[in-house]
Structures are given as structure tokens and as C-alpha cells.
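Here is the structure we will look at.
Numbering (UniProt numbering), first residue to last: 1 to 311.
Below, the structure written as C-alpha cells:
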């Protein structure tokens, strides 16, 4: 899931002590009606590079949908990384894993009651926040650990936080409640990235990028990240997006913008034989990419990538 937990979860402090992704979507990130995500072993390729150039046009690719389980990732400070399988409405199955070594290894942590993961936000190796629902996508809860996943506190609801909604929709949950996102052509939100509680970027299923500076009261269309399935912004101008189905990339195409999402160029091609939807999370220089059971890492803003973990 695209990293969405930089500061937007801070509004929950009145309920639980929270350091500033989902999302977004992404949980973001993460990012319904398609089959559950199936893990496929990636083509072994320790490092992937490419010249930056125009983003390729998408071909056949997985349909972005929030009913399908996907793996999302969130970058924290230091060596903290969180990874989650979102689960699906009606089936549940969400899981959360935490890493204390920069994604080299992940340890499963039990988050009782968290069956459909709507957001995972790693702050540091001790503190992670999860927003999740029950298997029926009914009641929402906010969970937090302050001891690296050893124990979790639970609080009803998700007030004060951005996160994806449980079912496919052109909407997100904002700090004050659900907000509509004007995705064109009946598209749904597949990813989002928060810079502050007010300043948020959203990605629609056809690659349209929108931005709000007033916590979702209004949205401005920026540009199109062709074929993108998830995105993450590190500041108001610079962001990365991940796409499968780009005919010029046998794997996951990494796109970059340096003008607030108006234009996107190909930054890299991460070789992979998988077809699962990708999720990306970044900070000023580092980035993590998750696809199925594989996690890649970049130390240079997404220009080059190396496999960090499998399984």
C-alpha cells in the first residue's frame, strides 16, 4: 500500500496516542469482485534499472479493485517497515507483518479482530497503527502497537484518519468522514497518499491523479500516471507510482512525477513474472515496492531496485 501514514493519522491522538498510509490504500495504501490475489514467484533478478523516459501505455493487466486481496507496504523511520495482506469483504483473511531490519525479514503479528485491513502505517520499529474492519466489512477499529507488535490496543472507529473504504468506490475516508473522489468513467480509488490531513493525492483506476488541499471538500485533477495501480508522494511535487501491464516493462513499471502529478515519466522497470497488483511506499530517498510475496527496495528514489524479501 502506498505509504500514507506520514502525518494524516495524527488526528487520532484524542483516541489513542498515534505518530503521524494505508493508504492509503493504500492502504494504499492501501489500494472489489475480482479473485483473491495469488502469489507467484518473481523472476529472480536482484537489481532492475532503466533509463527515465515517457511512461509506456498499459496493456492487459489486473483490474484494480478493492474487493481483491492485495499486499500493501508502508515505510517507517529507520529500519521499520510494515506489510499487510488486506483480506476481502465476506472472507476476511487480513494479516499484518512487521520488519525491524529494513524489510530483510518480516514477523507475523496477531491483531485480534483485524480481518480486512484498510490502512497500515509504520512510524518506527516500536509503533505501528492499523485500521481494519471485521470480515463482513462492518465495524471499524483502530489498532496500535507501541512494542513492535507484541501487543495491540484497540479503539472503536477511525475518526481523524484517512484510509480506504472497505468496498470498491470513488471515495475515501477522511478525518471528518467519507468523501467522494471524482474518478472519471465510473472508476474507483485504487491508491492515495497523504502529506497532511488536508493535502492528499488520490489515484483512480484509469491512472487519473487528483489532489485536494482541503481534506477532500474539493479535488483538482492533476495528470495521468498511465496504468498505475498505486502511488506515493514524498512532498507536494515529487511522487512515485507503480504499474503492471505496461507493454514496455516485463514486470512493474515505476513512474515518477516532479511537478505534483501533472506529468509522469518512466523511472525504472522492476522485472517480475507476477500479475498481482503492486503497492509502493517512499520517503525522500528510499522506497519499497510490494507485489504478491516479494518486496523490493530502492535507495535512490526509485531509480534502481533490489529484491529485499520473498515470502
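Glycine included, each C-beta is placed from N, C-alpha and C at the ideal position.
Would the beta-carbon of residue i fall within 8 Å of that of residue j?
i, j, result
"residue 149", "residue 98", "yes"
"residue 208", "residue 221", "yes"
"residue 295", "residue 73", "yes"
"residue 334", "residue 122", "With the chain covering only 1 through 311, there is no way to say anything about residue 334."
"residue 240", "residue 255", "yes"
"residue 153", "residue 140", "no"
"residue 204", "residue 184", "yes"
"residue 235", "residue 193", "no"
"residue 129", "residue 144", "yes"
"residue 290", "residue 105", "no"
"residue 124", "residue 77", "yes"
"residue 292", "residue 274", "yes"
"residue 75", "residue 282", "yes"
"residue 180", "residue 168", "no"
"residue 187", "residue 206", "yes"
"residue 164", "residue 108", "no"
What three-state label does DSSP hand residue i in the structure shown?
i, result
"residue 273", "coil"
"residue 245", "coil"
"residue 92", "strand"
"residue 251", "strand"
"residue 185", "helix"
"residue 195", "coil"
"residue 220", "strand"
"residue 87", "coil"
"residue 79", "coil"
"residue 262", "coil"
"residue 256", "strand"
"residue 159", "coil"
"residue 236", "coil"
"residue 226", "coil"
"residue 126", "coil"
"residue 328", "The question about residue 328 has no answer, for the chain in this structure spans 1 to 311."
"residue 302", "coil"
"residue 19", "Confidence at residue 19 is low in this model, with a pLDDT of 31, below 50, so its placement is unreliable and the value that follows should be read with caution. In this structure, residue 19 counts as coil in the three-state DSSP scheme."
"residue 25", "Since pLDDT at residue 25 reaches only 36, below the 50 mark, its modelled position is unreliable, and the value read off the structure follows with that caveat. Three-state DSSP puts residue 25 in a strand."
Mind checking who residue i pairs with in its DSSP beta bridge?
i, result
"residue 296", "289 and 307"
"residue 180", "171"
"residue 97", "83 and 108"
"residue 131", "119 and 142"
"residue 164", "172"
"residue 280", "289"
"residue 202", "192 and 210"
"residue 69", "Residue 69 is not bridged to any residue."
Please determine, among the options, the residue with the shortest C-alpha to C-alpha distance to residue i.
i, options, result
"residue 210", "176, 172, 245 and 243", "172"
"residue 134", "170, 147, 88 and 162", "88"
"residue 267", "273, 246, 95 and 276", "246"
"residue 269", "257, 251, 284 and 263", "251"
"residue 271", "305, 262, 300 and 260", "305"
"residue 301", "310, 292, 284 and 219", "284"
"residue 230", "265, 216 and 201", "201"
"residue 265", "242, 273, 214 and 310", "242"
"residue 176", "214, 100 and 281", "214"
"residue 117", "161, 85, 307 and 248", "85"
"residue 93", "79, 111, 212 and 106", "111"
"residue 155", "162, 161, 142 and 164", "142"
"residue 101", "126, 95, 223 and 119", "126"
"residue 253", "69, 303, 219 and 259", "303"
"residue 195", "182, 212 and 189", "212"
Just checking: is the beta-carbon of residue i within a distance shorter than 8 Å of some beta-carbon in chain B?
i, result
"residue 297", "Protein chains in the displayed structure number just one, and chain B is not present."
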